[in-house]
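J.:
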Amino acid sequence: MSVAPGATQVGYELPAVVKKITEDLLCNYSNRYPGIFITTIHTDREAAGKWGFPDMVLQGSQTMNFGAEALFKVYREHWINDSSLSVKFIKPVYAEETVTIKGTVRERKETAEGRIVLKIDIWAANSAGDKVMAGEAQVVI
Amino acid sequence: MNQAEYNKQAVDWRNIKEGSVAATLVYGVPLTDVYHYATAAVQDPDPWYLENSPFGGPIVPPGYFYGEYIKLLVVPNYPMGVLNSQLTFESKGPIFPGEQITVTGTVERLYQKRGRPYLDLGVTVTKANGQVACRGVSTLLLELED
Numbered sequence: 859m860s861v862a863p864g865a866t867q868v869g870y871e872l873p874a875v876v877k878k879i880t881e882d883l884l885c886n887y888s889n890r891y892p893g894i895f896i897t898t899i900h901t902d903r904e905a906a907g908k909w910g911f912p913d914m915v916l917q918g919s920q921t922m923n924f925g926a927e928a929l930f931k932v933y934r935e936h937w938i939n940d941s942s943l944s945v946k947f948i949k950p951v952y953a954e955e956t957v958t959i960k961g962t963v964r965e966r967k968e969t970a971e972g973r974i975v976l977k978i979d980i981w982a983a984n985s986a987g988d989k990v991m992a993g994e995a996q997v998v999i
Numbered sequence: 009m010n011q012a013e014y015n016k017q018a019v020d021w022r023n024i025k026e027g028s029v030a031a032t033l034v035y036g037v038p039l040t041d042v043y044h045y046a047t048a049a050v051q052d053p054d055p056w057y058l059e060n061s062p063f064g065g066p067i068v069p070p071g072y073f074y075g076e077y078i079k080l081l082v083v084p085n086y087p088m089g090v091l092n093s094q095l096t097f098e099s100k101g102p103i104f105p106g107e108q109i110t111v112t113g114t115v116e117r118l119y120q121k122r123g124r125p126y127l128d129l130g131v132t133v134t135k136a137n138g139q140v141a142c143r144g145v146s147t148l149l150l151e152l153e154d
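Protein chains in written order, with this note's numbering: chain A, 859 to 999; chain B, 9 to 154.
#1: Three or more C-beta pairs closer than 8 Å, one from the stretch 116–133 of chain B and one from the stretch 19–26 of chain B: is that the case here?
#2: Taking Cβ positions, are Val-990/A and Leu-976/A nearer each other than 8 Å?
#3: Counting C-beta neighbours from all protein chains within 10 Å, is the total for Leu-152/B 16 or more, i.e. buried, or is it exposed?
#4: Assuming the contact rule is C-beta atoms closer than 8 Å, Leu-149/B and Leu-91/B should be a hit. Round their C-beta distance to whole Å, please.
#5: Kindly list the residues whose CB is nearer than 7 Å to the CB of Glu-927/A, restricted to its own chain and excluding five residues on each side of it in sequence; keep chain order.
#6: Using 8 Å as the threshold, is the C-beta distance between Gly-925/A and Phe-947/A below it?
#7: Rounded to whole angstroms, what's the CA-CA distance from Trp-981/A to Ala-992/A? Just pull it up for me.
#8: Using only the alpha-carbon positions, how far apart do Val-140/B and Pro-102/B sit?
#9: Contact criterion: CB-CB distance below 8 Å. Does Asp-998/A meet it with respect to chain B?
#10: Give me the residue from Asp-940/A, Cys-885/A, Met-922/A and Pro-873/A with the minimum Cα distance to Asp-913/A.
#11: With burial defined as no fewer than 16 other Cβ atoms inside 10 Å of the residue's Cβ, what is the status of Pro-863/A: buried or exposed?
#12: Please identify, using Cβ separations under 8 Å, the residues of the stretch 892–908 of chain A that lie next to chain B, in order along the chain.
#13: Mark Gly-1081/A as exposed unless 16 or more other C-beta atoms lie within 10 angstroms of its C-beta, in which case mark it buried.
#14: What is the rounded straight-line gap between the Cα of Asp-154/B and the Cα of Asp-41/B?
#15: What's the C-alpha gap between Glu-107/B and Asp-882/A?
#16: Can you pull the DSSP bridge partners for Ala-995/A?
#17: State the DSSP-derived secondary structure class of Ala-801/A, mapped to helix, strand or coil.
#18: Please confirm if the stretch 950–970 of chain A is in contact with the stretch 864–874 of chain A, defined as three or more CB-CB distances below 8 Å between the two stretches.
#19: Report yes if the C-beta distance between Ala-46/B and Leu-58/B is below 8 Å; otherwise report no.
#20: Please identify the residue among Thr-901/A, Glu-994/A, Ile-978/A and Val-932/A whose C-alpha is closest to the C-alpha of Ser-860/A.
#21: So, does the CB of Thr-96/B fall closer than 8 Å to a CB anywhere in chain A?
#22: Hey, quick one: how far does the beta strand (DSSP E) through Ile-78/B stretch, first residue to last?
#23: So with Cβ pairs under 8 Å, would you call Glu-955/A a contact of chain B?
#24: Just by C-beta distance, which residues in the stretch 933–949 of chain A are closer than 9 Å to chain B?
#25: Can you find a CB in chain B that lies within less than 8 Å of the CB of Glu-927/A?
#26: How long is the line joining the alpha carbons of Lys-79/B and Thr-132/B, rounded to whole angstroms?
#27: Does any residue of chain A have a CB that is nearer than 8 Å to the CB of Ile-78/B?
#28: If we count the other Cβ atoms within 10 Å of its Cβ and call it buried at 16 or more, is Asp-902/A buried or exposed?
#29: Check each candidate in Ala-136/B, Phe-73/B, Asn-85/B and Ile-109/B and name the one with the smallest Cα separation from Ile-894/A.
#30: Near Val-37/B, what residues of its chain come up, given a Cβ to Cβ distance below 6 Å and the 5 sequence neighbours on each side ignored?
#31: Given a threshold of 16 other Cβ atoms within 10 Å of its Cβ, counted over all protein chains shown, does Asn-984/A qualify as buried or as exposed?
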């Protein structure tokens, strides 16, 4: 299977992934640990309030998953077979916000074995347009 | 018990040794979990996760393991901290529902930055044949205030 047209070229923009952060989405992700009965800042407003957060906080790994979704939709088996994603979480994302993931191919190199190594800038913004996550992905094709 | 109460009763991070294994979990991800994860937890019902893929059957989303650090910390009663500040993961091949995997959490680094304690927990997902299918590092802020 080949990747989407143009997706191996510098400047290619990943189709955006947009997620509305409902309570269901927060809880379905962060309550999925069987046998762990701890109310976390991701699933309980009171627990979030203990640290001064105004609402439940989206788990960082869930935001990163949305980034992975944007990459997987374009690079498919290459994303599964040989890829990496490294991100920093810049600001908390709260329940009822909307998160938008975007990415751009920044670098393309070809190896002596004829493989293509892409470096892709990836980031997420909240409803106000503030960056909440930023990082870099690598995909080998 | 809430997260703050859990952290208070957990092992003091100062007593955790760098290089030690926090926990090792051996399991297979049930197909029902893959279905729940894809459709409800991340809302990405990709047919490769739910129906079939070129790898021969549905696969587990690599992102399934991004959040496994919580299990790896709770098993030894280590603090889960407050927030995830950084996360890095590599995918090196498909993992299939039901396939036996070993998920190992290793305390890679404990350090202070701007007076706040951080933990780098390494997470490695190994197949029964020894192949590392997925590996990453989760950086956790352990306390907001001293």
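Idealized CB from N, CA, C, for every residue including glycine. Note that the structure is predicted; figures quoted are calculated from it, not measured.
T.: Inspection of the coordinates gives the following:
#1: The stretch 116–133 of chain B vs the stretch 19–26 of chain B: in contact.
#2: no
#3: exposed
#4: 5 Å
#5: Val-875
#6: No, these two residues do not count as a Cβ contact at 8 Å.
#7: 4 Å
#8: 10 Å
#9: Checking the sequence shown, residue 998/A turns out to be Val, not Asp. Look at Val-998/A: its C-beta is not under 8 Å from any C-beta on chain B.
#10: Cys-885/A
#11: exposed
#12: Of all residues in the stretch 892–908 of chain A, those with a C-beta nearer than 8 Å to a C-beta of chain B are Ile-894, Phe-895, Ile-896, Thr-897, Thr-898, Ile-899, Asp-902, Glu-904, Ala-905 and Lys-908, reading in chain order.
#13: No answer is possible for residue 1081/A: the residues shown for chain A start at 859 and end at 999.
#14: Low confidence applies here, because Asp-154/B scores a pLDDT of 45, under 50, leaving its location unreliable; read the following figure in that light. Here the C-alpha atom of Asp-154/B lies approximately 38 Å from the C-alpha atom of Asp-41/B.
#15: 28 Å
#16: Bridge pairing for Ala-995/A: Leu-943/A and Ile-978/A [DSSP].
#17: Any question about residue 801/A goes unanswered here, given that chain A covers just 859 to 999.
#18: yes
#19: Closer than 8 Å, so yes.
#20: Measuring from the Cα of Ser-860/A, the nearest candidate turns out to be Val-932/A.
#21: yes
#22: Not the beta strand (DSSP E): Ile-78/B falls in the alpha helix (DSSP H), residues 77–82.
#23: no
#24: Flagged, chain order: Arg-934, Glu-935, Trp-937, Ile-938, Asn-939, Asp-940, Ser-941, Ser-942, Leu-943, Ser-944, Val-945, Lys-946 and Phe-947.
#25: yes
#26: 13 Å
#27: yes
#28: Asp-902/A should be labelled buried.
#29: Asn-85/B
#30: Val-68 and Pro-105
#31: buried
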